[in-house]
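Here the sequence shown is numbered in UniProt numbering, starting from 1 and rising by one per residue. Positions of the beta carbon are idealized from the N, C-alpha and C atoms, including for glycine. Input: a single structure, listed below in structure tokens.
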Amino acid sequence: MKLRTKVQLFLSGFMVLVIFLINSAVYVLYEDRVSDNELNRVKADAERIMEAIVKGSTVAIEQDNLLTAFLPANGIIRIIDENGELIENASTEDQFDDWPFSYSQTEKSQIAKDENKTPYAQVLMPIIWEDGSIVTLQVNEALYSMEDSLRTLRLVLFLTAGVMLFPALFAGYFLSRYVTNQIQTLTLEMRKNPKNGKWEKLAIKRKNNDEISEMQQAYNAMIDRIEENRQKQERFVSDASHELRTPISVIKSYTELLQRRGKDKPEIFEEATASILSESDRMQHLTEQMLLLAKNEDQENLLFEQVNINQITRDVIRSLSTAYQREIKFYQEVDQDITISADRRKIHQAIYILVDNACKYSEDIVIVRMRDKQQLLSIDVVDKGEGLSAEDQEHIFDRFYRVDKARSRKAGGTGLGLAICHQIIQAHGGSIHITSQVNEGSTFTLTLPK
Numbered sequence: 001m002k003l004r005t006k007v008q009l010f011l012s013g014f015m016v017l018v019i020f021l022i023n024s025a026v027y028v029l030y031e032d033r034v035s036d037n038e039l040n041r042v043k044a045d046a047e048r049i050m051e052a053i054v055k056g057s058t059v060a061i062e063q064d065n066l067l068t069a070f071l072p073a074n075g076i077i078r079i080i081d082e083n084g085e086l087i088e089n090a091s092t093e094d095q096f097d098d099w100p101f102s103y104s105q106t107e108k109s110q111i112a113k114d115e116n117k118t119p120y121a122q123v124l125m126p127i128i129w130e131d132g133s134i135v136t137l138q139v140n141e142a143l144y145s146m147e148d149s150l151r152t153l154r155l156v157l158f159l160t161a162g163v164m165l166f167p168a169l170f171a172g173y174f175l176s177r178y179v180t181n182q183i184q185t186l187t188l189e190m191r192k193n194p195k196n197g198k199w200e201k202l203a204i205k206r207k208n209n210d211e212i213s214e215m216q217q218a219y220n221a222m223i224d225r226i227e228e229n230r231q232k233q234e235r236f237v238s239d240a241s242h243e244l245r246t247p248i249s250v251i252k253s254y255t256e257l258l259q260r261r262g263k264d265k266p267e268i269f270e271e272a273t274a275s276i277l278s279e280s281d282r283m284q285h286l287t288e289q290m291l292l293l294a295k296n297e298d299q300e301n302l303l304f305e306q307v308n309i310n311q312i313t314r315d316v317i318r319s320l321s322t323a324y325q326r327e328i329k330f331y332q333e334v335d336q337d338i339t340i341s342a343d344r345r346k347i348h349q350a351i352y353i354l355v356d357n358a359c360k361y362s363e364d365i366v367i368v369r370m371r372d373k374q375q376l377l378s379i380d381v382v383d384k385g386e387g388l389s390a391e392d393q394e395h396i397f398d399r400f401y402r403v404d405k406a407r408s409r410k411a412g413g414t415g416l417g418l419a420i421c422h423q424i425i426q427a428h429g430g431s432i433h434i435t436s437q438v439n440e441g442s443t444f445t446l447t448l449p450k
């Protein structure tokens with residue numbers, strides 16, 4: 001079933017239900033009001049009859065004539081003794097004699113219906129009869145006028161419901177068309193993407209504060225993300241192929257050299273094998289970092305646990321100070337060790353990358369400083385290297401970005417380390433930024449939630 005049909009059926013059904021409930025409420029309230037009025041009127045008539053019967057002993061009028069004088073236009077008056085037997089009975093039509101009667105010592109009143117579904121009011125009142133006994137005065141009156149009024153009301157409500165229903169059906173039809181036409185337009189434009197391999201945004205003629213406009217804007221935002229990811233993917237593939245091209249060319253060149261002259265000259269054999277091994281190691285390191293970068297994009301791989309960040313930092317410093325034979329100072333501006341929720345291996349890797357870069361690209365002392373900022377933990381890695389320009393700082397966390405390719409190649413860098421570190425910190429809900437001055441060194445600051 002199409003959305004247009006669903007909307008139209010829902011609106012039509014809802015309006016039918018609302019009209020039915022309103023008309024039913026009007027009918028029930030009117031019926032109760034009319035019934036109460038008719039019942040009170042018959043009760044007042046019964047009270048006048050009762051007063052007349054009580055005073056009848058002082059007036060020379062027979063009881064039959066008295067009852068006939070007060071007889072309703074469409075009703076019956078009965079006097080019933082305590083045995084349930086009729087003492088007196090007066091009615092305008094013979095069919096009213098079939099209405100039930102009973103003896104009662106208390107006053108009662110109700111609306112009932114006979115076998116022909118004709119409503120009638122019934123009032124029972126106890127009175128003192130001529131012989132001093134307590135009898136029941138029963139006054140019944142057929143409510144023909146009330147039934148006519150209710151019948152007319154039902155007809156009016158039915159016609160009113162029909163008149164109200166047609167506009168509701170048309171409104172539901174046009175509203176469903178208005179909503180579904182816009183959705184169909186969106187669907188058609190979405191199906192056209194991508195056009196010639198390029199994702200295009202929706203043309204928003206005017207911005208409304210409705211859900212359709214929000215859907216259009218959300219779709220355009222999704223297109224922006226798709227285009228951004230596509231560009232990143234293309235750049236990643238391009239950069240990766242460019243990085244792999246150099247070691248592959250070196251390996252191929254030395255292999256061809258070995259084929260031509262390697263057998264005759266041992267020194268060429270040693271040089272070629274050493275270069276091939278070096279470039280193979282470089283390729284292996286590069287592919288491992290690319291795989292690691294791809295895995296870091298999936299945050300589901302993170303295994304969060306309570307880790308001692310101070311101990312992890314000390315382990316990294318101990319390992320790298322031994323490997324580089326360098327002095328790395330650790331300043332801990334906190335009273336005690338801090339435990340945070342993090343992936344131990346990933347956090348260790350992020351800190352290792354920052355300290356390792358500081359050791360690679362500087363010759364002086366490296367400083368690691370840990371600070372406590374209420375709900376945040378800050379770690380600074382300071383080096384006294386050549387520093388970075390403002391332009392380099394904007395791209396330092398991009399994949400394969402290297403400030404000085406010759407220097408990075410000599411140091412064994414691939415341009416992926418800081419990109420990996422950046423992704424790890426972001427996956428932990430933290431942030432990383434750089435402060436640097438040319439010829440004065442750099443400070444990398446990572447911030448993690450505690």
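Counting only the Cα atoms, E394 lies some 43 angstroms from Q184. In its chain, beyond the 5 residues on either side, R4, V7 and Q8 have a beta carbon closer than 6 angstroms to the beta carbon of S176.
When DSSP assignments are scanned along the segment 281-353, the uninterrupted stretches of alpha helix (DSSP H) that are 4 or more residues long and fall wholly within it turn out to be 309-324. Between I328 and I340, the gap from beta carbon to beta carbon reaches 8 angstroms or more. Closest in alpha carbon position to N74, among M50, D32 and N140, is N140. By DSSP's assignment, G441 forms a beta bridge with Q437. Per DSSP, reduced to three states, the secondary structure at T5 is helical. Judged by DSSP in its simplified three-state form, G162 adopts helix. For G417, the enclosing alpha helix (DSSP H) covers residues G417 to A427. DSSP places D392 inside the alpha helix (DSSP H), whose first and last residues are A390 to H395.
In the three-state reduction of the DSSP assignment, N89 falls in the strand class, which pools E and B. Note that the C-beta distance between S378 and T447 is below 8 angstroms. The beta carbons of K384 and I365 sit about 7 angstroms from each other, so the pair counts as a contact at 8 angstroms.
With fewer than 16 neighbouring CB atoms inside 10 Å of its own CB, S249 falls in the exposed class. In this structure, L143 lies near E38, with their beta-carbon atoms less than 8 angstroms apart. By DSSP's assignment, S12 forms no beta bridge with any residue.
If you look at P194, you'll find it isn't in any beta strand (DSSP E); DSSP assigns it neither H nor E. Here DSSP, grouped into helix, strand and coil, assigns R399 to coil.
Across the structure, D337 and D372 are spaced so that their CA atoms are roughly 10 angstroms apart.
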